[in-house]
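Undergrad: Following this message is one structure expressed as structure tokens.
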Amino acid sequence: RIVLATLAVALLTLPYLKIFGAALLLWIGVKLMLPEDENKDIQSGESLIAAIKTIMIADAVMSLDNVIAVAGAAKGSVLLLALGLGISIPIVIFGSTILLKLMERFPIVVAFGAALLGYVGGEMVVSDPAIHHWVEAHVPRLHYVTAIGGALTVVIAGKMLTKKKLAEAPVADDI
577 RIVLATLAVA LLTLPYLKIF GAALLLWIGV KLMLPEDENK DIQSGESLIA AIKTIMIADA
637 VMSLDNVIAV AGAAKGSVLL LALGLGISIP IVIFGSTILL KLMERFPIVV AFGAALLGYV
697 GGEMVVSDPA IHHWVEAHVP RLHYVTAIGG ALTVVIAGKM LTKKKLAEAP VADDI
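All residue numbers for the sequence shown refer to this note's numbering, where the first residue is 577 and numbers rise by one.
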């Protein structure tokens with residue numbers, strides 16, 4: 577993950593890539609707010625190799641939001657990136673059960689996490705190399721507006737989509 581994150585930091589110096597990464601963080605934040613489907617079809621693998629492949633792909637996909645968020649928050653600093661991953665990986669590994677119970681008891685924790693992803697995504701938009709110098713020269717405080725706007729957008733969109741999804745959900749018949 578550290579190698580992937582270091583690569584992500586290097587790639588984030590390319591023009592327009594931070595804008596794409598910010599959009600991805602906003603999307604992940606909104607998806608975090610949505611209720612999960614309980615009837616997911618999970619197919620079993622035919623062999624141990626297929627199971628290992630599935631686990632590796634799932635781990636890479638699930639760690640993508642962590643890597644992008646830490647890379648965005650590190651703002652190009654490899655030291656902050658390594659510290660962020662060094663702190664977040666043990667928390668995810670050892671604290672996942674505690675965090676899950678905390679999220680079940682206090683659902684607002686999920687909203688705060690989603691808002692944090694939106695905040696980092698909003699900051700990433702204006703720090704993209706393609707527009708950063710223009711923003712700093714003409715609207716230096718725009719990163720505050722986009723960061724807060726990103727957080728609000730994620731929470732509001734997540735709440736609206738949740739209401740829509742719950743309204744469309746089939747109601748179980750009483751027997």
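In this text, a Cβ means the ideal position worked out from N, Cα and C, and glycines have one as well.
1. Kindly list the residues whose CB is nearer than 7 Å to the CB of Ala687, restricted to its own chain and excluding five residues on each side of it in sequence; keep chain order.
2. Quick one: give me the first and last residue of the alpha helix (DSSP H) that Ile707 is part of.
3. Looking only at C-alpha atoms, which of Gly698, Ala743, Val702, His714 sits nearest to Ala727?
4. Should Ala713 go down as buried or exposed, given a rule of 16 or more other Cβ atoms within 10 Å for buried?
5. Taking Leu693 as the reference, give the member of Leu601, Val585, Pro611 with the closest Cα.
6. Just to check my reading of the structure: Ala647 and Ala691 have Cβ atoms closer than 8 Å, yes? What is that Cβ distance to the nearest angstrom?
7. Within a Cβ cutoff of 6 Å, which residues of the same chain sit near Ile595, ignoring the five residues on either side of it in sequence?
8. Helix, strand or coil for Arg681, going by three-state DSSP, please let me know.
9. Does the separation of the CB atoms of Thr738 and Pro611 fall below 8 Å?
10. Measuring CA to CA, which of Val715, Tyr695, Val654 is closest to Gly605?
11. Tell me the rounded alpha-carbon separation between Ala733 and Thr589.
12. Which of the three DSSP states is assigned to Gly725 in this structure?
13. Just verifying my parser: in three-state terms, what is the DSSP assignment at Pro611?
14. Look at the alpha carbon of Val685 and the alpha carbon of Pro591, and state the distance between them as a whole number of angstroms.
15. Between Gly662 and Ala650, which are expected to be in contact by the criterion C-beta below 8 Å, what is the C-beta distance as a whole number of angstroms?
16. Looking at Leu657: is its Cβ nearer than 8 Å to the Cβ of Thr582?
17. Would you report the Cα separation of Lys677 and Trp710, rounded to the nearest angstrom?
TA: Reading from the atomic positions:
1. Counting from 1 along the sequence shown, the entry for residue 687 is found at position 111. Closer than 7 Å at the Cβ level, and outside the excluded window around Ala687, lie Met609, Val731.
2. Position 131 of the sequence shown, counting from 1, holds the residue named residue 707. Element bounds for Ile707: n/a, residue is neither H nor E.
3. Indexing the sequence shown from 1 puts residue 727 at position 151. Nearest option by C-alpha distance: Gly698.
4. Residue 713 sits at position 137 when you count from the first residue of the sequence shown. By the neighbour-count rule (16 or more Cβ atoms within 10 Å), Ala713 is not buried but exposed.
5. In the sequence shown, the residue the question calls residue 693 occupies position 117. Among Leu601, Val585, Pro611, the Cα nearest to that of Leu693 is on Leu601.
6. Here residue 647 refers to the residue found at position 71 when the sequence shown is read from its first residue. Here residue 691 refers to the residue found at position 115 when the sequence shown is read from its first residue. The Cβ separation is near 19 Å, so there is no contact.
7. Locating residue 595 in the sequence shown gives position 19, counting from the first residue. Once the five neighbours on either side are set aside, the close Cβ partners of Ile595 are Val701, Asp704.
8. Residue 681 sits at position 105 when you count from the first residue of the sequence shown. Of the three classes helix, strand and coil, the one that applies to Arg681 here is helix, per DSSP.
9. On the sequence shown, position 162 is the one that residue 738 refers to. On the sequence shown, position 35 is the one that residue 611 refers to. Yes, these two residues count as a Cβ contact at 8 Å.
10. Here residue 605 is taken as the residue at index 29 of the sequence shown, counted from 1. Its Cα nearest to that of Gly605, the residue Tyr695 stands out among Val715, Tyr695, Val654.
11. Along the sequence shown, read from residue 1 onward, the residue named residue 733 stands at position 157. Along the sequence shown, read from residue 1 onward, the residue named residue 589 stands at position 13. Cα to Cα, Ala733 sits roughly 29 Å from Thr589.
12. Position 149 of the sequence shown, counting from 1, holds the residue named residue 725. Reduced to three states, the DSSP call for Gly725 is helix.
13. Here the question's residue 611 lines up with position 35 in the sequence shown. Correct three-state label for Pro611: coil.
14. For the purposes of this step, residue 685 is taken as residue 109 along the sequence shown, with counting starting at 1. For the purposes of this step, residue 591 is taken as residue 15 along the sequence shown, with counting starting at 1. Approximately 33 Å between the Cα atoms of the pair.
15. Locating residue 662 in the sequence shown gives position 86, where the first residue counts as 1. Locating residue 650 in the sequence shown gives position 74, where the first residue counts as 1. With 8 Å as the limit, Gly662 and Ala650 do not qualify as a contact, their Cβ atoms being about 12 Å apart.
16. Residue numbering aside, residue 657 sits at position 81 when the sequence shown is read from its first letter. Residue numbering aside, residue 582 sits at position 6 when the sequence shown is read from its first letter. Yes, these two residues count as a Cβ contact at 8 Å.
17. Working through the sequence shown from its first residue, we reach residue 677 at position 101. Working through the sequence shown from its first residue, we reach residue 710 at position 134. Rounded to the nearest angstrom, the two C-alpha atoms are 45 Å apart.
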